[in-house]
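Peer 1: This structure is in structure tokens; I'll ask about it shortly.
2 protein chains.
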Amino acid sequence: MADWQVIPGNVTAPRGFKAAGITAGLKPSGAPDLALILSETEAIAAGVFTQTEVRAACVDYCRRRLQKKGSARAILCNAGQANAATGEQGKRDAQETAERLAAALAIDPDAVLLASTGVIGQRLKMDALCAGIAPLVAAASETGGDAAARAIITTDLVTKAIALETTLGDRPVRIGGIAKGSGMIHPNMATMLGFVTCDAAVSTHLWQQMLTRAADQSFNQITVDGDTSTNDTLIALANGQSRTPAITEMDAAGQQLEAMLVEVCQYLAKAIARDGEGATCLIEVQVTGAPDDAAARQVARTVAGSSLVKSAIFGRDPNWGRIAGAAGRAGVPFDQARLRVKLGDILLMDAGQPLTFDRAAASQYMRDIAANSSSTAADGSLIQHLDQPLAIAVDLGNGSGTGLAWGCDLSYDYVKINAEYTT
Amino acid sequence: MADWQVIPGNVTAPRGFKAAGITAGLKPSGAPDLALILSETEAIAAGVFTQTEVRAACVDYCRRRLQKKGSARAILCNAGQANAATGEQGKRDAQETAERLAAALAIDPDAVLLASTGVIGQRLKMDALCAGIAPLVAAASETGGDAAARAIITTDLVTKAIALETTLGDRPVRIGGIAKGSGMIHPNMATMLGFVTCDAAVSTHLWQQMLTRAADQSFNQITVDGDTSTNDTLIALANGQSRTPAITEMDAAGQQLEAMLVEVCQYLAKAIARDGEGATCLIEVQVTGAPDDAAARQVARTVAGSSLVKSAIFGRDPNWGRIAGAAGRAGVPFDQARLRVKLGDILLMDAGQPLTFDRAAASQYMRDIAANSSSTAADGSLIQHLDQPLAIAVDLGNGSGTGLAWGCDLSYDYVKINAEYTT
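In order, the protein sequence lines correspond to chains R and S. With the first letter of the first sequence counted as 1, position 172 gets the number 182 in my numbering; the numbers rise by one all the way through. With the first letter of the second sequence counted as 1, position 408 gets the number 418 in my numbering; the numbers rise by one all the way through.
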């Protein structure tokens, strides 16, 4: 199926991109906290942002920039302070940050996009941030993607990064991405950030459409308890440096590019979901038989986000009733007499009624998935495996719409993390 | 303000009602599990039911009855089996149950309404249930309300019951109610049930309108994590035995009756929210400054249902950022620069920005509320106090709409209960 391959690297895998990540002193921990993604040439830029009314200054800043000018040269991201609930001063700080970076890069300030993650209600530490810009720009390189991936994380247990390559005509085209976020929610740091780079040539309007559709099939399918952040941001740049013909409509090349963009976004979204606070496994919910794809995604998201389903999975309980209950309240019409529910390969419910199934085997399936869900690298770092999620399949018997959503289980540690944290 | 007083009793406090609760052998525990509420004369009947697509047989049964005939004589409620996901056999069981009770009472089967709570996917234990009907009918009395309140609960820590009396013209009019449910969610037993009786004379159409509006201001404001049950049911009977003039429009008497109905429903809803799994206190969220009341209720419900807010309260952390974040994502437009957030009497946030406040005092306020939130009666039973909820006030600065919602905090015990339960 997939007409692409995984290649090393991430946002600097596509041609003509550099990146960097440094410690500017924004995080109290002293961990890396300032990242730059830079296109050598003006790149088409698209964005998807949080829908909340309580937004960080950088979100409004990027929205305005993208409306005014659908292209950019640089993305600057800080971690430590969210610059949300900071009023007029927050807006001025964002503007000044962009101008400082633009000056250091000798580019138009309007070609700078911004993202922040960290504590809500805290202003950017402007002195440290501005002092960090020169060394950040100096550090930018074609191998700087990993450093950028590290600098954007906050409470994440792992960095999230990927790059894919396909061939359009006879030339390679690449998409790379990095992301941060915990699949569930984190106090004042719930932000999900995603940055995608691409060296295809594509029209501004089409690139935005592709990104919006990709977000709907990926990042928007992991908003597991609805606690949308003030700072959620997904930005994608396409700089045309692959020297492939410009894609201006959804022809074969356009479809291939979009499919690869969806794959990159889904990988990053799954990595965020798997990294949920206290989570022991990634859950993938596949819904079929819905009136349309959007309805299927809605049901999938509701099941993946149900606290009841999530705690049952933590308890390794093959609880079909909770899955059916979540599907039923998702707001999508169906006839309950046609409902089917599967866990892995085990059919739990058919024609709206529970079946007699091997409960021990179903529970063992859940334990096995969790046991194989992560491992430790030689250097002691955590590796999370996304290829074998705990699979829930729901068929509504009411159409041909399909959709996926992802989440993680709900453990004691979730409450512990979120109750014991103090602002 | 309130033009009524609390009186002893509950569903049998209004004239012309009897009730009973017995052990029929439906619950494995041997606790009371079969309840009857009976009007001596045909009563106007209104209902509000779960909106989910996966519904118990009794829900569809009641909907059909109320469409066909807006009156009833009896409500039969069992606890133990939900009769949900039971297919055609479940429908036949519901029908047979109604016919058996009608025969025992010598009334029309269409005058019987049904409710069930318990394990999804399990049929009613028809032998035990049918055998219980004769003793249940024999036990019905004007003092049977408490027994009925006990027989409808499942995992509730306390029964929920109240009665209010007002005067219309120069005659007393009463409304009583009982309810069951845990404020958060319980595995396969998430059901919220409410039964209300009234001795006013009121037109069918108006009574249904009043009940729908009352539910919107009470039970619908505690669906704290959206895990709507297959069996949620609210039924209200009005039998006219107060001999007051029939209320057929929203005149002064109509408004007085509706206000009292809202009060009864809000008391019962708060009691359910307070009884949440693992909860240590009741949370009341008041939203003002919304475009309209429905918008205000939506924001209030979102704040009260936020896992982040709930776990912060369990941690006694005055986390204004989580409250503002939940308000922002509720889907109601407002200008964040006008947002105000209060905790008790302490202003945490104004004009969209955090204030410097006495953090220790705010945390102490939260501890005090929780400490006074329950006590133990002389007989060892738990008493939950609803009069001093933990108060969160949010003003959006965008209109005159107001609304309330209730919830409880999110504790370790919530996950424990929901993960360790096995189907």
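All C-beta atoms, glycine included, are put in the ideal place defined by N, C-alpha and C.
I'd like the list of long-range same chain contacts for ILE333 of chain R, defined as Cβ closer than 7 Å, with 5 residues on each side in sequence excluded.
Peer 2: Stepping through the first sequence from its first residue, residue 333 of chain R is reached at position 323. Result list for ILE333 of chain R: VAL313, VAL319, VAL351, ILE402, VAL404, in chain order.
Peer 1: When DSSP builds the beta bridges, which residues end up paired with LYS170 of chain R?
Peer 2: The count along the first sequence starts at 1 and reaches residue 170 of chain R at position 160. LYS170 of chain R pairs with R:ALA189.
Peer 1: Assuming LEU146 of chain S and LEU46 of chain S make a contact with CB atoms under 8 Å, what is their CB distance in whole Å?
Peer 2: By 1-based counting over the second sequence, the position of residue 146 of chain S is 136. By 1-based counting over the second sequence, the position of residue 46 of chain S is 36. Indeed they touch by this definition, with Cβ atoms about 5 Å apart.
Peer 1: If I measure Cβ to Cβ from ARG326 of chain R and keep anything under 6 Å in the same chain, skipping five residues before and after, which residues do I get?
Peer 2: In the first sequence, counting from the first residue as 1, residue 326 of chain R sits at position 316. Result list for ARG326 of chain R: SER373, MET376, ARG377, in chain order.
Peer 1: Where does the unbroken alpha helix (DSSP H) through GLN61 of chain S begin, and where does it stop?
Peer 2: Numbered from 1 along the second sequence, position 51 holds the residue referred to as residue 61 of chain S. Run containing GLN61 of chain S: none; DSSP gives neither H nor E here.
Peer 1: For the segment 54-76 of chain R, enumerate the residues whose C-beta is nearer than 9 Å to any C-beta of chain S, in chain order.
Peer 2: From the segment 54-76 of chain R, only THR60, GLN61, THR62, GLU63, VAL64, ARG65 have a Cβ closer than 9 Å to chain S.
Peer 1: Using Cβ-Cβ distances below 8 Å, what residues of the segment 411-424 of chain R are close to chain C?
Peer 2: The structure shown contains no chain C; its protein chains are R and S.
Peer 1: Please state whether DSSP places ILE195 of chain R in a helix, a strand or coil.
Peer 2: Counted from its first residue, the first sequence places residue 195 of chain R at position 185. Because the pLDDT at ILE195 of chain R is just 49, under 50, the model does not fix this residue reliably, and the value given afterwards should be weighed accordingly. If DSSP states are grouped into helix, strand and coil, ILE195 of chain R belongs with coil.
Peer 1: When burial is assigned at 16 or more other CB atoms within 10 Å of the CB, is THR51 of chain R buried or exposed?
Peer 2: One-based indexing of the first sequence puts residue 51 of chain R at position 41. Exposed, since its Cβ has fewer than 16 Cβ neighbours within 10 Å.
Peer 1: If you draw a straight line from the C-alpha of PRO42 of chain R to the C-alpha of ALA150 of chain R, how long is it?
Peer 2: Taking the first sequence and counting its residues from 1, one reaches residue 42 of chain R at position 32. Taking the first sequence and counting its residues from 1, one reaches residue 150 of chain R at position 140. Answer to the nearest angstrom: the Cα atoms are 14 Å apart.
Peer 1: Looking at ALA66 of chain S and ASP48 of chain S, is the spacing between their C-beta atoms short of 9 Å?
Peer 2: For the purposes of this step, residue 48 of chain S is taken as the residue at position 38 of the second sequence. For the purposes of this step, residue 66 of chain S is taken as the residue at position 56 of the second sequence. One point to set straight first is that residue 48 of chain S is Leu, not Asp, in the sequence displayed. Not a contact, by the Cβ cut-off of 9 Å.
Peer 1: Between ARG253 of chain S and the rest of its own chain, which residues show a CB-CB distance below 7 Å, the 5 nearest in sequence each way excluded?
Peer 2: To locate residue 253 of chain S, count along the second sequence from 1; it is residue 243. Answer for ARG253 of chain S: ARG181, listed in chain order.
Peer 1: Using a Cβ-Cβ cutoff of 7 Å, what residues of the segment 363-375 of chain S are near chain R? List them in chain order.
Peer 2: From the segment 363-375 of chain S, only GLN363, PRO364 have a Cβ closer than 7 Å to chain R.
Peer 1: Less than 8 Å between the CB atoms is what I'm expecting for ARG133 of chain S and THR96 of chain S, so what's the real figure, rounded?
Peer 2: Counting from one through the second sequence, the residue named residue 133 of chain S turns up at place 123. Counting from one through the second sequence, the residue named residue 96 of chain S turns up at place 86. Contact holds; Cβ gap of about 5 Å.
Peer 1: Can you tell me where the alpha helix (DSSP H) holding GLN308 of chain R begins and where it ends?
Peer 2: Taking the first sequence and counting its residues from 1, the one referred to as residue 308 of chain R is at position 298. It spans 303-315 - the alpha helix (DSSP H) in which GLN308 of chain R sits, taken as one unbroken run.
Peer 1: Taking the CB atoms as reference points, tell me whether ALA304 of chain R and GLY409 of chain R lie closer together than 9 Å.
Peer 2: Counting from one through the first sequence, the residue named residue 304 of chain R turns up at place 294. Counting from one through the first sequence, the residue named residue 409 of chain R turns up at place 399. No; because the gap between Cβ atoms is not below 9 Å, this pair is not in contact.
Peer 1: Excluding sequence positions up to five away, which residues of its chain have a Cβ less than 6 Å from the Cβ of PHE324 of chain S?
Peer 2: Within the second sequence, numbered from 1, the residue matching residue 324 of chain S stands at position 314. Hits under 6 Å: ASP419, LEU420, SER421.
Peer 1: Is the beta carbon of GLY362 of chain R sitting closer than 9 Å to the one on LEU349 of chain R?
Peer 2: Counting from 1 along the first sequence, the entry for residue 362 of chain R is found at position 352. Counting from 1 along the first sequence, the entry for residue 349 of chain R is found at position 339. Closer than 9 Å, so yes.
Peer 1: Is ALA337 of chain S close to chain R, meaning its C-beta is less than 9 Å from at least one C-beta of that chain?
Peer 2: The residue labelled residue 337 of chain S in the question sits at position 327 within the second sequence. Yes, contact with chain R.
Peer 1: Is THR412 of chain R helix, strand or coil when you go by DSSP?
Peer 2: Residue 412 of chain R sits at position 402 when you count from the first residue of the first sequence. Three-state result, THR412 of chain R: strand.
Peer 1: For the pair the segment 175-190 of chain R and the segment 104-121 of chain R, tell me if three or more CB-CB distances fall below 8 Å.
Peer 2: No, the segment 175-190 of chain R is not in contact with the segment 104-121 of chain R.
Peer 1: Below 8 Å on C-beta distance, what does THR96 of chain R contact in chain S?
Peer 2: Locating residue 96 of chain R in the first sequence gives position 86, where the first residue counts as 1. Ordered by position in chain S, the residues that pass the 8 Å Cβ test against THR96 of chain R are GLN363.
Peer 1: Rounded C-beta distance between SER385 of chain R and ILE393 of chain R? I'm assuming under 8 Å.
Peer 2: One-based indexing of the first sequence puts residue 385 of chain R at position 375. One-based indexing of the first sequence puts residue 393 of chain R at position 383. SER385 of chain R to ILE393 of chain R, Cβ: 5 Å. Contact.
Peer 1: I want to know whether the segment 199-210 of chain R touches the segment 21-41 of chain R - three or more CB-CB distances under 8 Å.
Peer 2: They touch, by the three-pair rule.
Peer 1: Closest Cβ-Cβ distance between SER7 of chain R and chain S: below 9 Å?
Peer 2: As displayed, chain R neither begins before 11 nor continues past 433, which places residue 7 of chain R out of reach and without an answer.
Peer 1: Leaving out five residues on either side along the sequence, give the residues of the same chain with a beta carbon under 6 Å from the beta carbon of GLY57 of chain S.
Peer 2: Position 47 of the second sequence, counted from the first residue, corresponds to residue 57 of chain S. Contacts found: CYS72, LEU76, ILE245.
Peer 1: Hey, which unbroken runs of the beta strand (DSSP E) at 3 residues or more fall wholly within the segment 340-393 of chain S?
Peer 2: Taking only runs of at least 3 residues, the beta strand (DSSP E) segments lying wholly in the segment 340-393 of chain S are 350-353, 356-360, 384-386.
Peer 1: At a cut-off of 8 Å, is ALA161 of chain S close to the ligand ADP when judged by its beta-carbon and the heavy atoms of the ligand?
Peer 2: Looking at this structure, you won't find the ligand ADP or any other ligand, since it has none at all.
Peer 1: May I ask which residues mark the beginning and end of the alpha helix (DSSP H) holding ARG223 of chain R?
Peer 2: The sequence position of residue 223 of chain R within the first sequence is 213, counting from 1. Segment 214-226, the alpha helix (DSSP H) holding ARG223 of chain R.
Peer 1: My guess is that VAL342 of chain S and ALA300 of chain S are in contact by the Cβ rule of under 8 Å, so how many angstroms apart are they, rounded?
Peer 2: If you number the second sequence from 1, residue 342 of chain S lands on position 332. If you number the second sequence from 1, residue 300 of chain S lands on position 290. Sure, about 6 Å apart at Cβ, within 8 Å.
Peer 1: Using CA atoms only, rank isn't needed, just tell me which of R:GLY407, R:ASP423, R:ASP355, R:ALA289 is closest to LYS346 of chain R.
Peer 2: Locating residue 346 of chain R in the first sequence gives position 336, where the first residue counts as 1. The sequence shown places Gln at residue 346 of chain R, rather than the Lys named in the question. For GLN346 of chain R, the nearest C-alpha among the options comes from R:GLY407.
Peer 1: Check for me: the beta strand (DSSP E) holding LEU76 of chain R runs from which residue to which?
Peer 2: On the first sequence, residue 76 of chain R is found 66 positions in, with the first residue counted as 1. Where LEU76 of chain R is concerned, there is no enclosing beta strand (DSSP E), although the alpha helix (DSSP H) it sits in stretches over 67-78.
Peer 1: Please check if any C-beta of chain R sits within less than 9 Å of the C-beta of SER334 of chain S.
Peer 2: Locating residue 334 of chain S in the second sequence gives position 324, where the first residue counts as 1. Reading off the sequence, residue 334 of chain S comes out as Ala, not Ser. Yes, ALA334 of chain S counts as interfacial toward chain R.
Peer 1: Please classify LYS135 of chain R: does DSSP put it in a helix, a strand, or coil?
Peer 2: Start at 1 with the first residue of the first sequence, and residue 135 of chain R comes out as number 125. Reduced to three states, the DSSP call for LYS135 of chain R is coil.
Peer 1: Using CA atoms only, rank isn't needed, just tell me which of S:PHE229, S:ARG184, S:GLN218 is closest to MET202 of chain S.
Peer 2: As a working mapping, residue 202 of chain S is identified with position 192 in the second sequence. Out of S:PHE229, S:ARG184, S:GLN218, S:PHE229 has the C-alpha closest to the C-alpha of MET202 of chain S.
Peer 1: Indicate the three-state DSSP secondary structure (helix, strand or coil) for GLN266 of chain R in the structure shown.
Peer 2: Locating residue 266 of chain R in the first sequence gives position 256, where the first residue counts as 1. Looking at GLN266 of chain R - three-state DSSP - the assignment turns out to be helix.
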